[in-house]
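Residue numbers (our numbering): 404 to 741.
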């Protein structure tokens with residue numbers, strides 16, 4: 404079946420935008436990497452382990468079929484993800500090495516984290532003791548604080564998107580935040596809109612976009628939505644249970660919208676009042692009344708852990724301005740300031 408001229412023009416436009424994202428363009432990924440096993444999958448991608456032929460180092464490659472990028476929504480999402488990842492260099496955030504494009508696929512090469520998901524560890528151990536939970540939480544807070552300082556809102560913070568670097572201990576704390584496929588860039592003039600993330604973990608203001616009509620429009624939102632997710636994560640860390648659970652999706656959405664949850668005695672009798680207070684202040688339906696990230700850092704339950712993590716980051720040099728560059732199609736260098 405012949406391709407219409409308009410379709411050819413569209414495909415050429417897509418190819419140009421994809422190449423503009425890339426650090427390297429080659430004929431086949433086998434020129435650069437030896438591909439390994441599949442690690443996971445996303446909305447329109449898979450993730451595979453791979454070994455660099457140049458250095459022998461192992462990476463995680465997010466593989467996107469270029470054909471899927473003919474859907475502009477997918478292409479815009481990929482452009483946004485790459486843009487955001489290039490803004491971020493932090494010990495608790497996954498690092499992007501390079502973007503490689505071949506005629507058929509685009510690859511995001513990222514550091515390989517070997518320690519497994521926080522979700523898997525919670526399933527294994529049941530729940531985290533408060534001292535270890537405080538360290539994990541403080542590192543998550545540091546990562547989210549770093550994102551928010553750059554006006555990046557993750558929008559999909561959940562245990563599956565938090566990996567351990569090595570995870571050698573029974574209760575590990577060496578976490579990194581991954582998967583910026585739903586992340587957005589916030590501004591006071593252009594707040595975030597739209598439904599994204601996982602219903603169990605996202606804030607009510609995000610779920611307001613679940614069934615949008617002219618009579619019930621969704622609510623614009625911003626950084627407080629990540630604070631809600633941090634509250635859910637802390638609840639799960641300390642109890643091994645989800646605060647919002649239901650057999651039917653409609654019931655789950657209703658509970659989240661109403662911030663309807665409890666601290667069952669069996670799971671929570673040994674957990675401190677301060678921990679419960681922090682969770683309760685994060686799981687407030689109205690984002691204007693929700694605890695802020697600055698207030699989280701000063702909360703009695705995690706303040707010591709937050710200060711300890713801040714000292715570690717300062718000692719490692721985090722916070723200094725770093726500049727990376729990449730070349731655009733014209734050969735000019737684009738400064739990327741962290």
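Here a beta-carbon is modelled for each residue, glycine too, at the ideal position from N, C-alpha and C.
Using a Cβ-Cβ cutoff of less than 8 Å, which residues in the same chain neighbour residue 457 once the five nearest sequence positions on both sides are dropped? 435
Ignoring anything shorter than 3 residues, give me the beta strand (DSSP E) runs that lie fully in the stretch 472 to 523, in order along the chain. 499 to 504, 508 to 514
Between residue 421 and residue 474, what straight-line distance do the alpha-carbon atoms span, to the nearest angstrom? 12 Å
Using three-state DSSP, classify residue 731 as helix, strand or coil. Note that residue 731 has pLDDT 43, beneath the 50 cutoff, so the model's placement of it is unreliable and the number below is only indicative. Coil.
Can you check whether the CB of residue 597 is closer than 8 Å to the CB of residue 612? yes
How far does the alpha helix (DSSP H) with residue 642 in it reach, from first residue to last? 627 to 642
If we ignore side chains and look at the alpha-carbon of each, how far apart do residue 620 and residue 453 end up? 44 Å
What whole-angstrom Cβ distance do residue 529 and residue 643 have, given they're in contact under 8 Å? 5 Å
Bounding residues of the beta strand (DSSP E) (the contiguous stretch that carries residue 454): 448 to 455
Secondary structure of residue 568, DSSP reduced to three states: coil
Need the endpoints of the alpha helix (DSSP H) that residue 712 sits in, please. 706 to 718
Could you tell me whether any non-hydrogen atom of the ligand ATP is closer than 7 Å to the CB of residue 545? The ligand content of the structure shown is nil, which means the ligand ATP is not present either.
Comparing C-alpha positions only, which one of 698, 469, 631, 712 sits nearest to residue 504? 469
Going by the CB atoms, is the gap between residue 556 and residue 625 shorter than 8 Å? yes
What do you get for residue 509, buried or exposed, if any count of 16 or more other CB atoms within 10 angstroms of its CB means buried? buried
Given residue 576 as reference, the closest of 525, 548, 502 once Cα atoms are compared: 525
Out of 553, 444, 489, 533, which has the shortest C-alpha to C-alpha gap to residue 676? 533
Helix, strand or coil: how does DSSP classify residue 535 here? helix
Pull up the distance between the alpha-carbon of residue 427 and that of residue 512, whole angstroms please. 11 Å
Which residue from 574, 585, 708 puts its Cα closest to that of residue 477? Ranking the options by Cα distance to residue 477, first place goes to 585.
Assuming residue 536 contacts residue 607 (C-beta within less than 8 Å), just tell me the rounded distance between them. About 24 Å separates the beta carbons of residue 536 and residue 607, which is beyond the 8 Å limit, so they are not a contact pair.
Using the Cα positions of residue 599 and residue 560, report the straight-line distance between them to the nearest angstrom. 11 Å
In three-state DSSP terms, what is residue 737? Per-residue confidence for residue 737 stands at a pLDDT of 36, beneath the threshold of 50, marking its modelled position as unreliable; no derived number is given.
According to DSSP, what are the bridge partners of residue 464? 451, 512
Residue 442 - containing beta strand (DSSP E), residue span: 436 to 444
Just to confirm my understanding: we take residue 445, look at its own chain, exclude 5 residues before and 5 after, and list those with CB closer than 8 Å. What are they? The answer, listed in chain order, is 465, 582, 584.
Give a yes or no on whether the C-beta atoms belonging to residue 614 and residue 589 are separated by under 8 Å. no
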